[in-house]
Amino acid sequence: MLKYRDITVQRLDRFTSRDQWKDVNLHAQLYPKVAGGEEYVKLEVFSVPELRRIPFEEAAKGAFDKAEVNQQFGPSWSTHWFRIQVKIPSEWKGEKVEFHWDGNGEGLVWTKHGVPVHGLTGGTGGDRRVEYVLAEEAQGGEEMEFYIEHACNGMFGNGDGISAPDPNRTYRLTTAHLVTVNETAIQLLYDFQVIRAIAKELPKESNQGAKALYTANEIVNAFRREDVESMKRCREIAKEFFKSRNGTSQHRITAVGHCHIDTAWLWPYDETKRKVARSWSTQLRLMEKYPEFTFVCSQAQQYEWLAHYYPELFKQVQEKAKSGQFLPIGGTWVEMDCNVPSGEALCRQFLFGQRFFEKHFGHRCKIFWLPDTFGYSAQLPQIVLQSGLKYFFTQKLSWNNINKFPNTSFYWKGLDGSKVVTHMAPSETYNAQAEVSELLNSVKNNRDLPYTNESLLVFGNGDGGGGPLPAMIERLRRMEDIDGLPKVTMGSANDFYDRLATESRDMVTWKGELYFELHRGTYTSHAKIKKNNRTCELLLREIEMFACMNLLRKNNYQYPQEKLSNLWKSVLLNQFHDVLPGSSIELVYIDARKIYQDVIVEASKLRQEALDALCKEGNEAQNELMVFNSLAWDRTEVLAVEKLTGTQVTGQSSKEGGFNYILAKSVPGASIHPIEVTEVTDPVSITTTSDGSYVMHNKNIAATIDNEGRLISLIDVALDRELVPEGSYGNVFKIFDDCPLYWDAWDVEIYHLEKWDYAGKGEVKLLEEGPIRGVLEVKYQLTPRSTCIQRIILDASSSRLDFECEVEWNENRQFLKVEFPFDISSDFATYETQFGVIQRPTHTNTSWDMAKFEVCGHKFADLSEYGYGVALLNDSKYGYAVHENIMRLSLIRAPKAPDAHCDIGHHEFRYAVYPHRGSFLESDVVRQGYNFNVPLIAKLAATNGIQETSPRAPSCFFTLSNADNVVLDTVKKAEDSDAIVLRFYEAYGGHATLRVNSSLSVRRATSCNILEEEGEELEWNDGLELKFTAFQLRTVKLELN
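In numbering that gives the first Met the number 0, the protein residues as written are 0 to 1040.
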């Protein structure tokens, strides 16, 4: 037979297959004795009403009814608690006995005393885990009672693949019986799996491959059904094969167990809490059986859930962490998206994550662990190092669909020059199955073998949890040191990285973002979730700023630290890499919206309390209007305020009634400032032309809007420069056909740019004529199903043209974008990213350039040439595309999986065009992006409510000077003291010496990192000087007298 290799290989496959041969091949010998029925297994069930997930104590008191095998349970997401009484047959004395349970969903075994002990996964997939060990050596006749919490969802929820879940699925209980275990047959199965795989995976001409083929065939020939002695002889044949060892130069692999649990995805948050218990309890049992087995697990949020809902399991995890088998890793609160969150949100991920791990496990994490996120910000290396970590792990870029990422082990260099040692598993998975092919791929796909002869294998079922199976560990034992394969040992990820850092030779460096050439649609999907995220980030920023102002004023205000921490944790939770990107099921977004709503309500209340403490309101006759500026620079802006009595403030009365437009001039940075009553010397006006167009004009710009709502002219008045190319139109809505290859909510493919239509013509009318604010209203019928009402706004003294949109969207796989062509020539555009900017090409010269046809930007993208530029600002969008001189902002998508209703409904968003003199590096675009997103706040206050000695003097808490390229982004109270923490960053990519002035009585000033550990002491002399290098992030701690 060996002469006919393909036939022999097929014969080997049949020996362990689960198809029609399973009753006569090796599988039939694994569990020789079976006992079921009421004599040995008694089943009772309590079906929990209303899809509730209840604790054991409540379940144990439930009304249990008789249950039996083949009974159906449902619907989707329901929970059914089984009380199970078993009796081991007396004739099974001396046998290893297991209870096998297959409810075709997920389950958790509980002792009758309420301790969770083991997770179960039904079905026929590779994550199948149906066994629960009752006795390693039965006495015979034992009676036992335990519970199984059965969830009516599979490992990947209740859909088919990524489709929206079916709410009415039922699950059949197919198996509930006792078995004896033929340990010899099971060990033979593991032997055979490895030998057969070597035969199949090594080249035909390989001596070791031929030897493996011969050995596997000999095992099949020696095997006899129901003959344990023959199986022992088969194992002896296998042992002879495994004696062939490797040489000293073989590639070295460190294998670490892993269980990637998406904090929410195809299941809601509440199901994840149970997935954590199911998965981790099983891994604890494996650690007891296999002392060399190590398991890494990230996400502090999941540990906190375990501690809260399963305290006994959490204690076991802590014990195994002490022994070095259960290894907390990652350092962040969740495995977050790295495209959309703000820079400060990324800092808080590490701050809360590292503090949790240090508090509960006695140490911080060294490895930033993020295997499944859809791209990595260029500022992450700096943030990682400043958060006490040293290394980075991912593998996601192996999914690129245009270019193959060229590195495996390398230095990742961030915007500021910070470098972290990075490794991307060359097996190209974080859910490895511990197969021969994965070991070989660790060499085959390794692009940095000249620099290091080591790599990492991350094995275990994941995404939906589960983790490693016994078979995986057994295979790794056999493959540890065998001729033809790399050497593999189970070990510590920390030790692997330490060796990589110290023993590698001349590793290459990758500078800048790790752009993911897939899942580009996640910059836009679930637009309202992204808007809520930015709203919450900025709202929490303001609370911290105003709360610190109260601390500095030394009034009776109590800083709401615990409330703020809880609010931040809620926002960080929703930044998980399948929630914020928009790639989860609808149930997840019901939860996420509720979380955001609660945060916004509570945060708004806290902000108002902080403002009230700063400014006391008097009676009508004593009030004046105060303005709060939480940004660190002077601003002149138009505010819409309620019509006021008892103040001297006047302005432009809105034609819609109820409020006035007022011009707040020169409001100092980081201040509380009274509104000055001044005349509008540079009013805005709107005129019409003979063709029905409207010209919106102030001293800075003149914008012409035609009768369809298109921007046909934008002129810099002082320079008399036209920015819209002749014959072109801006503010044009286009709808692109949006049918990706598979990943519906995740992907937009390059070919979508080839198929689009104009999204209707607008009808324009004049709403406000000035002198403070001019407004046009444009109504669009975008499609027969979707509409848009847009307001185009020009304010006095402003160089910015604003667009406010309300859209009713009811589409199927359509992509709405707005487009602006500008008379600007540049080979690159500049996009805001966390704590800085990144430049990307506007051309498609190479496949790497072409792959960036849709990219992520935060508050702005800018297109500049020598001497001039235009920025496209937004208040809640993240998808941009700048091709040649055309700037596009991605607005709304309509994918149908995994959420069939993604983005359907009402949307409100804003964007703006900001022309500026000078290139981007000479502009104030960064500040304009903040101004557009962080409006001034107006509040009535008593005339003596700020400073009794000088009631109308502004109260400035910090004054920044000498460095317009530096941003004060965060002001907060320190986590462990009453010190004030200031976080700055250099925003443009240059050097700076910043002067920070303040009238505060500061006792001590120190530099610190993101974890607020103190470093260099700084000299304070009514302020301090801080030096910055390009894109540097600096945090300062001030202790007050």
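Glycine included, every Cβ here is placed at the ideal spot set by N, Cα and C.
Straight across, the Cα-Cα distance linking residue 145 with residue 63 is about 14 Å.
Annotated three-state conformation of residue 91 is helix, per DSSP. If the five residues before and after residue 461 are omitted, its C-beta is found closer than 8 Å to the C-beta atoms of 257, 258, 259, 260, 429 and 430, all from its own chain and listed in chain order. Annotation note: the segment 398-479 contains the following uninterrupted alpha helix (DSSP H) runs of length 4 or greater, listed N- to C-terminal: 435-443 and 469-478. Nearest neighbour of residue 401 by Cα position, chosen from 86, 1002 and 750, turns out to be 750.
Selection 528, 13, 35 and 59 evaluated against residue 44 yields 59 as nearest (Cα-Cα). Every unbroken stretch of the beta strand (DSSP E) spanning 3 or more residues and falling wholly within the segment 330-382 is given here in chain order: 366-368. With a threshold of 16 other beta carbon atoms within 10 Å, residue 688 falls short and is exposed.
With a 10 Å radius around the Cβ and a threshold of 16 neighbouring Cβ atoms, residue 783 comes out exposed.
It is roughly 49 Å from the alpha-carbon of residue 270 to the alpha-carbon of residue 667. In this structure, the beta-carbon distance from residue 411 to residue 449 does not fall below 8 Å.
Here the segment 926-934 makes contact with the segment 852-872; the two share three or more CB pairs at distances below 8 Å.
Contact check for residue 595 against residue 573 passes: the beta carbons are separated by less than 8 Å. For residue 789, the enclosing beta strand (DSSP E) starts and ends at 786-794. In the DSSP annotation of this structure, the continuous segment of the beta strand (DSSP E) that includes residue 996 starts and ends at 991-996. Per DSSP, residue 980 lies in no alpha helix (DSSP H); the unbroken beta strand (DSSP E) holding it starts and ends at 979-985. Residue environment for residue 865: exposed (fewer than 16 other C-beta atoms within 10 angstroms of its C-beta). Secondary structure of residue 783 (DSSP, three-state): coil. By the CB criterion at 8 Å, residue 1034 and residue 1008 fall inside the cutoff. Taking one beta carbon from each stretch, the segment 519-534 and the segment 453-469 have fewer than 3 pairs nearer than 8 Å; the two do not touch. The segment 514-521 makes contact with the segment 368-388, as at least three CB pairs between them are under 8 Å.
Between residue 136 and residue 86, the C-beta gap is not smaller than 8 Å, which leaves the two residues out of contact.
Between the beta-carbon of residue 364 and that of residue 388 there is about 6 Å, and that keeps the pair under the 8 Å contact cut.
Out of 78, 21, 55 and 31, the CA that lies nearest to the CA of residue 46 is found in 78. Looking at the DSSP output, residue 803 sits in a beta bridge with 790 and 909. Short of 7 Å from the beta carbon of residue 848, and not among the five residues preceding or following it, lie these beta carbons of its own chain, in chain order: 840 and 842. Going by C-alpha positions, residue 803 is about 46 Å away from residue 358.
By the C-beta density criterion, residue 995 is buried, having at least 16 other C-beta atoms within 10 angstroms.
If you look at residue 197, you'll find it in the alpha helix (DSSP H) that goes 182-200. Comparing alpha-carbon positions, the option among 730, 739, 755 and 772 lying closest to residue 761 turns out to be 730. Straight across, the Cα-Cα distance linking residue 1031 with residue 382 is about 10 Å. Nearest to residue 438 by alpha-carbon distance, out of 396, 404, 414 and 489, is 489.
Going by beta carbons, residue 420 and residue 309 fall outside the 8 Å limit.
DSSP, reduced to helix, strand and coil, places residue 240 within a helical segment of the structure shown.
C-alpha of residue 983 to C-alpha of residue 156: approximately 43 Å in a straight line.
In this structure, the alpha-carbon of residue 217 lies about 12 Å from that of residue 10.
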